[in-house]
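In the working numbering, the protein residues as written are 13 to 248.
Written as structure tokens, this is what we have:
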């Protein structure tokens, strides 16, 4: 997918991921000194990486995942080989030919929310809310940074002196405020598991153990928290 995205499209993705405002103009889409033609943005929309909200562009959940994967090209996939469970009975020797082992490819960058969504345990709006919260958490500098900075991504020809660089501090402050507002919307009884799963990438079982909750209690609380955050973001 990344091979079909032009340079301007990549810069637009990086700007959106850093919390920059990308707006429509008479010449295309504009963010500071960068102007991207409609064709480049149309390609991003076709791949479901961005969407329009009024006269602005925003990243979709797929777009945030794309920026994370692009920033970590060294992140390998791994193969899991199917093995029998400990309680499975051994097959008799006369049962016929041995069934060949199957392999599945697992993306190590897949988040716990992505795992839940892939199995239909989290609704798309809940997943979108969790991904938006995680993006703000990372942009705020509360986690190891894995995305491009706008100043690093922009070609040198667009730089017009020290004043043209994007101040990452302002993006961090804005992201931290957005994250705090979303966590407040979740509420004191729900935001602990929300932060652990959506932001810190902790699995539900590990979160339940850390919080001293019974098994399967974390999922119910997490879904309630994601619903509240989705309402806060206006996600339908």
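For glycine and all other residues, C-beta sits at the position ideal for the given N, C-alpha and C.
In this structure, DSSP gives residue 235 a helical state, which the three-state scheme calls helix. With respect to the 8 angstroms criterion, residue 52 and residue 18 are classified as neighbours on the basis of their beta carbons. With respect to the 8 angstroms criterion, residue 153 and residue 184 are classified as neighbours on the basis of their beta carbons. For residue 56, the closest of 45, 44, 219 and 76 by C-alpha to C-alpha distance is 76.
For residue 143, the number of other beta carbons within 10 angstroms of its own is at least 16, and it is reported as buried. Counting along the chain, the unbroken alpha helix (DSSP H) around residue 54 starts and ends at 50-58. Within its own chain, the residues whose Cβ lies closer than 6 angstroms to the Cβ of residue 206, once the five positions on either side in sequence are excluded, are 198 and 237, listed in chain order. The criterion of a C-beta distance shorter than 8 angstroms is satisfied by residue 239 and residue 138.
In this structure, residue 133 sits away from residue 210, with a CB-CB distance that is not shorter than 8 angstroms.
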